[in-house]
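**Q**
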Amino acid sequence: MQNIKLHDKSFELFLAEKDIHLAIKELGKKIQADYKDLNPIFIGVLNGSFLFIADLIRQFEGNCEVSFLRMSSYIGTKSSENIKTLIGLNENLKDRHVIIVEDIVDTGNTIENLFELISKEEPASLKVSTLLFKPDVYKKDIPIDYVAINVGNEFLVGYGLDYDGLGRNLKDIYVINS
Ligand code: 5GP
Ligand code: MG
């Protein structure tokens, strides 16, 4: 399918399934080389990363663990406070080698918050892996260590990424028509 419609917007094919899988395979090799004897714990950030983490961890040969979390934000007692918390993290991360697995890093606000919250658990090491990275938009200092595919500043859907709930099941990645 070259063109699709989700809600009120139309999208065109951007990255084919086979190219996504090739990029993940390459990334998997790097992570394999860096972590093979470290029993890392991959932490997928829900919802968007569920397909990526499933394919990424199957490139890893050796012991590893997998977990998921979700970020929640709520307005604190002062109206200006935007407090972020982690939901669903049950594992003890102290002294573990942790790899955060994201679907996409855009401005970096989300990953900055996550990085800070997970750092408090005192992991032995903490790195970030993402399927898609928008380097021209990224504004933060946290290194994005493992990137499968660099993209521009377009809105993308498919392979886990949604537009208002739809599109996560698409095998390919699509870009919004301008
Ligand atoms: P950031 O905090 O880095 O600006 O954005 C992170 C979140 O914004 C992502 O986890 C994702 O939910 C959403 N996002 C950013 N860019 C895109 C995009 O191109 N497509 C979709 N579907 N979501 C995006
Ligand atoms: Mg996300």
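Per the numbering used here, residue 726 is the first one in the sequence shown, and the count goes up by one each step. Note that the Cβ used here is the ideal one computed from N, Cα and C, for glycine as well.
(1) Measure from the alpha carbon of Ser850 to the alpha carbon of each residue in Cys789, Leu818, Leu857, Lys743, then state which is nearest.
(2) Please list, following the chain, all residues that have a C-beta closer than 7 Å to any non-hydrogen atom of the ligand MG.
(3) Measuring only the C-alpha atoms, how far is Gly753 from Val872?
(4) Cβ of Pro765 within 9 Å of Cβ of Ile824?
(5) For the candidate residues Ile901, Val770, Glu827, Val882, whose alpha-carbon lies nearest to that of Phe858?
(6) How many Å lie between Leu891 and His732 at the Cα?
(7) What do you get for Phe880, buried or exposed, if any count of 16 or more other CB atoms within 10 angstroms of its CB means buried?
(8) Taking the alpha carbon of Glu751 as the point to measure from, which residue in Val770, Leu781, Phe767 has its own alpha carbon closest?
**A** So, from the data block:
(1) Leu818
(2) Val770, Gly773, Ser774, Glu827, Asp828, Ile829, Thr835
(3) 10 Å
(4) yes
(5) Glu827
(6) 8 Å
(7) exposed
(8) Leu781
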